[in-house]
Amino acid sequence: MNTLIDVLTGVCLVVGALMSLAAAIGILRFPDLMSRMHAATKPQVLGLLLMLVAMGLQLRAWALVPLLLVAWMFQLLTVPVSAHMVGRAGYRTKHRRPEMLSVDELDEVVAAVVEDESTNS
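Residue 64 in the working numbering sits at position 58 of the sequence shown; the count goes up by one each step and never skips.
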């Protein structure tokens, strides 16, 4: 029984570490801000989940489960918000590649705000 749990812990640790490594490589290698944001958020959250599962399996303490769940829930709540804010800031500062976007839904909104600001000045 302990060997099975040790193997599952090892698999979770290795796969979680590989997901985090994939996120780091994606941040370094992807060409634009939007792709880098995707690489920073998606595999990193799954990698953290697998690391926390490995901790829960190895430590085998029921008192630790709520703490691990809280850590993962905070990650799930903060990563999309931070990615959204980075994406908006990157869009407004022209750190995007329009040829890589299939639909640019913010273009009309930003153009309207710029036009409104220029007429009010």
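Glycine included, each C-beta is placed from N, C-alpha and C at the ideal position.
DSSP three-state label for residue i, please.
| i | result |
| --- | --- |
| P37 | coil |
| R98 | helix |
| L4 | A question about residue 4 goes unanswered here, because the residues of the chain that appear run from 7 up to 127. |
| L112 | helix |
| L107 | coil |
If we call anything under 7 Å between Cβ atoms a contact, is residue i one with residue j?
| i | j | result |
| --- | --- | --- |
| A69 | L19 | no |
| R102 | L34 | no |
| Q64 | T15 | yes |
| G53 | G22 | yes |
| V51 | V17 | no |
| A46 | F36 | no |
| P49 | M25 | yes |
Compute the beta-carbon to beta-carbon distance between residue i and residue j, rounded to the nearest angstrom, for a pair I have assumed lies under 8 Å.
| i | j | result |
| --- | --- | --- |
| L74 | L58 | 5 Å |
| G62 | V71 | 6 Å |
In whole angstroms, what separates the C-alpha of residue i from that of residue j?
| i | j | result |
| --- | --- | --- |
| E121 | E111 | 17 Å |
| V119 | S88 | 23 Å |
| M43 | D113 | 19 Å |
| P13 | A28 | Inspection of the sequence shows that residue 13 is occupied by Val rather than by Pro. Taking the straight line joining both Cα atoms gives about 22 Å. |
| R66 | I11 | 10 Å |
| L107 | Y97 | 12 Å |
| E105 | T9 | 52 Å |
| V115 | S41 | 22 Å |
| G93 | K100 | 10 Å |
| A30 | N126 | 44 Å |
Complete runs of the alpha helix (DSSP H) confined to the stretch 49 to 96 [at least 4 residues]: At a cut-off of 4 residues, not a single continuous stretch assigned as alpha helix (DSSP H) sits fully inside the stretch 49 to 96.
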